[in-house]
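S.K.: The listed protein sequences correspond, in order, to chains P and C.
The first sequence stops at residue 1606 when you use the working numbering, and every number in between is there.
The second sequence stops at residue 399 when you use the working numbering, and every number in between is there.
Quick reminder that beta carbons are idealized off the backbone N, C-alpha and C, glycines included.
Below is a structure I'd like to ask you about.
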Amino acid sequence: MSVKVIATAADRRLLDESRGTRAMTWIMAIMLFLTVLAAALGLGTLGAAALLDRQLAGRLTVQIVEAVESKRLDQTQRALAVLRTDPVVTRAVEVDRAKLTTLLRPWLGADEADPDLPIPAMIDVDLRAASDAAVARVRDGVRAVAPSARIDRHESWMSPVRSFMGMVTLLAAGLVLLMAAATAAVVILAARAGLETHRDTIEVLHMLGSTDVQVARLFQRRIALDTLIGGVLGTIGAVGVVLLVGWQLTTLGSDLLGGLSLGTRDWVLLGALPFAFAVLATLAARQAVLGALGRYL
Amino acid sequence: MANIVQFENVGLRYGTGQETLSDVSFTLSTGAFYFLTGASGAGKTSLLKLLYLAQRPTRGSIRLFGEDAVTLPRSRLPGFRRRIGVVFQDFRLVPHLSAYDNIALPLRVSGVPESDVEAPVREMLAWVGLSDRVDAKPPTLSGGEQQRVAIARAVIGRPEILVADEPTGNVDPDMAERLLHLFDSLNRLGTTVVVATHDFHLLGRIQKAHMMRLDHGRLLDPTGSLRFPPPNAPGGSE
Ligand SMILES: Nc1ncnc2c1ncn2[C@@H]1O[C@H](COP(=O)(O)OP(=O)(O)O)[C@@H](O)[C@H]1O
Ligand SMILES: [Mg+2]
């Protein structure tokens, strides 16, 4: 199937171009503006989620569950010493005990915590590499000096922020698909309206021996061009907005939102959207026209 | 001489009314010239529509170029239609295209390269006396001028069959004769010509022409062997 987008001058004259507004161009500009914004949000969130995954995957919590305070303190210090000499560990910090007590107060009651109550000591650990082997080595090292130690690996799905990001990404993907479906529907309606407008011309073309594919080509060329021009305009507008928002985010200096950046691959994907939509529109127009022409004699 | 068209017991009914054409049987010989006459409403246009594949018959069989045209699949219609030139009674010019582009349409539809379009189009424009109206759009042309553009468009592709539905209805007698001469020239080059008309002045101009007469949807002489003037008409027989 050949989709020749460049029509000859004679072909362009066949469908009266002065008639019928170029509404399609503006509709496509709006469609692509919204689609590119949704896609940028989705891709940015996806990137931030991946970053978060990497961070969470390399994070461990070591608990020293030892009732006897002196032993607990001793084991904690030794565990810290082991952790800090391990090359895979980038950070090992004991969680401040006062802070921990504050955190636990809602569960333990407002009274001063029972000194006999064995609150475990906790150490936050960041690993350079999140491999299972690295985690196992850290676990063995800590257990050797602190037999009561429990090592918990953070699971990314446990993070509510992470699941929110997943939801935003899905939502954005859903929006892009919806916009694609809406675009196809608009193009099909426009193609049918165009067929009705040019009915007399098409009948003459048929009588002179035009094939349905020849007639469809007249429409699909025009729709390809209109949708591409509109799509590129809308994309340019949306990219402008994305750049503006990105610049605003960097000035916020937020750790969490800082992950919301677009990589080269993301930009390429966004730039390909108007072309993908133009191809979609062209195929939809072709199918609509061929389907409708099948009912002519 | 081989038959290029063969109708057998063809009937045509629009909607649920009575038949517009009934029991129409005739054959057209390749390279011959035919006049189709009959009063207004007799069914001339309907018969020609069956011939140029704008309409399927309700019953009967039609053979065209040696093939069954009734059961012809849609995909093969364009190929058949390119072999038939049609002058529509209502011209059917594309209003937003110039006279030049209207006449060039059949060539472009058939995929003739643009470099080979101009010479024949200019030649046709000269033939129908419209060389000075090359860029005029049909709505700015007179009825007679539109008719001449329609004729030029019908013959430019050197069709095997030329079907003309009252092609001289809007032109003065001089131009009518000139156009008839054009059909005659085309016929001499081998095109089978069918001209529907109720202009009796024309009928005597082509001596070799066969006559077909329609009356209320029936062909009066199914053999298509009548000559002008009809043997039973005042003016005598051959
Ligand atoms: N598309 C149509 N639908 C219904 N009736 C039609 C149609 N075309 C022609 N007719 C009827 O068929 C009859 C023959 O018409 P037509 O073939 O145009 O005759 P002619 O060309 O000899 O004047 C007329 O009564 C006309 O009203
Ligand atoms: Mg008629």
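Once you ignore the five residues that flank P:V1463 on each side, which residues in its own chain have a CB closer than 8 Å to its CB?
M.R.: As a working note, residue 1463 of chain P is residue 154 in the first sequence. Checking the sequence, you will find His at residue 1463 of chain P rather than Val. The residues are L1365, A1366, R1368, L1369, T1370.
S.K.: Measuring from the CB of C:T206, is there a heavy atom of ligand 2 at a distance below 6 Å?
M.R.: Along the second sequence, one-based indexing puts residue 206 of chain C at 45. Yes, Cβ of C:T206 sits closer than 6 Å to a heavy atom of ligand 2.
S.K.: Under 6 Å from any heavy atom of ligand 1, does the C-beta of C:S201 make it?
M.R.: Position 40 of the second sequence, counting from 1, holds the residue named residue 201 of chain C. The answer is yes for C:S201.
S.K.: Nearest to P:A1358 by alpha carbon, out of P:L1571, P:L1579, P:L1602, P:F1586?
M.R.: The residue you call residue 1358 of chain P lines up with position 49 of the first sequence. For the residues P:L1571, P:L1579, P:L1602, P:F1586, the minimum Cα distance to P:A1358 belongs to P:L1571.
S.K.: Roughly how many angstroms lie between the CA atoms of P:T1520 and P:L1504, to the nearest whole one?
M.R.: As a first step, residue 1520 of chain P is located in the first sequence; it is residue number 211 there, counting from the start. As a first step, residue 1504 of chain P is located in the first sequence; it is residue number 195 there, counting from the start. Spanning the two alpha carbons is a distance of roughly 15 Å.
S.K.: Based on the DSSP output, what are the partners of C:N164 in its beta bridges?
M.R.: Start at 1 with the first residue of the second sequence, and residue 164 of chain C comes out as number 3. Answer is C:S190, bridged to C:N164.
S.K.: Looking only at C-alpha atoms, which of C:G378, C:D376, C:G227 sits nearest to C:I165?
M.R.: Within the second sequence, the letter at position 4 stands for residue 165 of chain C. Looking at the Cα atoms, C:G227 is the closest of the given residues.
S.K.: With a threshold of 7 Å between beta carbons, is P:G1518 in contact with chain C?
M.R.: Taking the first residue of the first sequence as position 1, residue 1518 of chain P is located at position 209. With 7 Å as the cut-off, P:G1518 counts as an interface residue toward chain C.
S.K.: From the DSSP output, read off the bridge partner residues of P:L1369.
M.R.: Translated into the one-based positions of the first sequence, residue 1369 of chain P becomes position 60. Note: P:L1369 sits in a beta bridge opposite P:V1434, P:R1462.
S.K.: Under the criterion of a Cβ to heavy atom distance below 6 Å, does P:Y1605 qualify as lining ligand 1?
M.R.: To locate residue 1605 of chain P, count along the first sequence from 1; it is residue 296. No, the beta carbon of P:Y1605 sits no closer than 6 Å to any heavy atom of ligand 1.
S.K.: Buried or exposed: which applies to P:R1614, given that a residue is buried once 16 or more other Cβ atoms fall within 10 Å of its Cβ?
M.R.: With chain P represented from 1310 up to 1606, any question about residue 1614 of chain P goes unanswered, as that position is not in the structure.
S.K.: Residues of chain P with CB under 9 Å from C:I222, in chain order?
M.R.: The residue labelled residue 222 of chain C in the question sits at position 61 within the second sequence. In the sequence as presented, Ile is not what sits at residue 222 of chain C; that position holds Ser. Neighbours of C:S222 on chain P: none; closest Cβ ~18 Å, over 9 Å.
S.K.: Can you pull out the residues from the segment 193-216 of chain C whose beta carbon lies closer than 9 Å to at least one beta carbon of chain P?
M.R.: Answer in chain order: Y213, L214, A215, Q216.
S.K.: Count the other CB atoms within 10 Å of the CB of C:N263; is the residue buried (16 or more) or exposed (fewer)?
M.R.: Sequence index remark: in the second sequence, residue 263 of chain C carries index 102 (1-based). C:N263 comes out buried.
S.K.: Leaving aside the five residues before and after P:V1391 along the sequence, list all residues of the same chain whose C-beta is less than 7 Å from its C-beta, in chain order.
M.R.: Taking the first residue of the first sequence as 1, we reach residue 1391 of chain P at position 82. Correct list, in chain order: G1450, V1451, V1454.
S.K.: Grab the span of the beta strand (DSSP E) containing C:V324 for me, first residue to last.
M.R.: By one-based count along the second sequence, residue 324 of chain C stands at place 163. It spans 322-326 - the beta strand (DSSP E) in which C:V324 sits, taken as one unbroken run.
S.K.: If we ignore side chains and look at the alpha-carbon of each, how far apart do P:L1527 and P:V1588 end up?
M.R.: By 1-based counting over the first sequence, the position of residue 1527 of chain P is 218. By 1-based counting over the first sequence, the position of residue 1588 of chain P is 279. Those two C-alpha atoms are separated by around 15 Å.
S.K.: Write down every uninterrupted run of the beta strand (DSSP E) in the segment 194-270 of chain C whose length is 3 residues or greater and which is fully enclosed by it, in chain order.
M.R.: You should have 194-198, 220-225, 245-248.
S.K.: Measure the alpha-carbon distance for P:T1330 versus P:A1547 and round it to whole angstroms.
M.R.: Numbered from its first residue, the first sequence carries residue 1330 of chain P at position 21. Numbered from its first residue, the first sequence carries residue 1547 of chain P at position 238. Confidence at P:T1330 is low in this model, with a pLDDT of 48, below 50, so the placement of that residue should be treated as unreliable; the coordinate-derived value is given next. Approximately 24 Å between the Cα atoms of the pair.
S.K.: Give the interface partners of C:P267 over in chain P, defined as CB-CB distance under 9 Å, in chain order.
M.R.: For the purposes of this step, residue 267 of chain C is identified with residue 106 of the second sequence, where counting begins at 1. Residues of chain P passing the Cβ test: L1517, G1518.
S.K.: So, are the CB atoms of C:D326 and C:L209 less than 7 Å apart?
M.R.: The count along the second sequence starts at 1 and reaches residue 326 of chain C at position 165. The count along the second sequence starts at 1 and reaches residue 209 of chain C at position 48. Yes, the pair counts as a contact, with Cβ atoms nearer than the cut-off.
S.K.: Compute every distance between the C-beta of C:T181 and the non-hydrogen atoms of ligand 1, then say whether any falls below 6 Å.
M.R.: Position 20 of the second sequence, counting from 1, holds the residue named residue 181 of chain C. Result yes, Cβ under 6 Å from ligand 1.
S.K.: Checking the sheet assignment: what are the DSSP bridge partners for C:M373?
M.R.: The residue you call residue 373 of chain C lines up with position 212 of the second sequence. C:L197.
S.K.: Are C:F196 and C:L364 close, meaning C-beta to C-beta below 7 Å?
M.R.: Taking the second sequence and counting its residues from 1, the one referred to as residue 196 of chain C is at position 35. Taking the second sequence and counting its residues from 1, the one referred to as residue 364 of chain C is at position 203. Yes. Within cutoff.
S.K.: So does C:Y175 have its beta carbon nearer than 6 Å to some heavy atom of ligand 1?
M.R.: Your numbering for residue 175 of chain C matches position 14 in the second sequence. The answer is yes for C:Y175.
S.K.: Any idea if C:H362 is buried or exposed, counting beta-carbon neighbours within 10 angstroms, 16 or more meaning buried?
M.R.: On the second sequence, residue 362 of chain C is found 201 positions in, with the first residue counted as 1. Result: exposed.
S.K.: Would you give the residue range spanned by the beta strand (DSSP E) that P:E1378 belongs to?
M.R.: Working through the first sequence from its first residue, we reach residue 1378 of chain P at position 69. From DSSP, P:E1378 is part of no beta strand (DSSP E) but of the alpha helix (DSSP H) over 1378-1394.
S.K.: Give the interface partners of C:V255 over in chain P, defined as CB-CB distance under 7 Å, in chain order.
M.R.: Locating residue 255 of chain C in the second sequence gives position 94, counting from the first residue. The answer, in chain order, is T1510, V1513.
S.K.: Name, please, each residue of chain P whose Cβ falls closer than 8 Å to the Cβ of C:S271.
M.R.: Walking along the second sequence from the start, residue 271 of chain C turns up at place 110. Near C:S271 (Cβ distances below 8 Å), the residues of chain P are G1518.
S.K.: Which of the three DSSP states is assigned to C:R366 in this structure?
M.R.: To locate residue 366 of chain C, count along the second sequence from 1; it is residue 205. In this structure, C:R366 counts as coil in the three-state DSSP scheme.
S.K.: Within 8 Å, do at least three Cβ pairs link the segment 1392-1404 of chain P to the segment 1435-1444 of chain P?
M.R.: The segment 1435-1444 of chain P is in contact with the segment 1392-1404 of chain P.
S.K.: What is the residue span of the alpha helix (DSSP H) that C:R294 lies within?
M.R.: Position 133 of the second sequence, counted from the first residue, corresponds to residue 294 of chain C. Element bounds for C:R294: n/a, residue is neither H nor E.
S.K.: Cα-Cα, which of P:I1538, P:K1408, P:G1351 is closest to P:L1341?
M.R.: Working through the first sequence from its first residue, we reach residue 1341 of chain P at position 32. Among P:I1538, P:K1408, P:G1351, the Cα nearest to that of P:L1341 belongs to P:I1538.
S.K.: Using the three-state DSSP reduction, which class does P:E1375 fall into: helix, strand or coil?
M.R.: Here residue 1375 of chain P refers to the residue found at position 66 when the first sequence is read from its first residue. Coil at P:E1375, not helix or strand.
S.K.: Does the beta carbon of P:A1319 sit closer than 7 Å to a beta carbon anywhere in chain C?
M.R.: If you number the first sequence from 1, residue 1319 of chain P lands on position 10. So yes, P:A1319 belongs to the interface.
S.K.: P:V1470 to P:G1353, Cα distance in whole Å?
M.R.: Numbered from 1 along the first sequence, position 161 holds the residue referred to as residue 1470 of chain P. Numbered from 1 along the first sequence, position 44 holds the residue referred to as residue 1353 of chain P. Those two C-alpha atoms are separated by around 14 Å.
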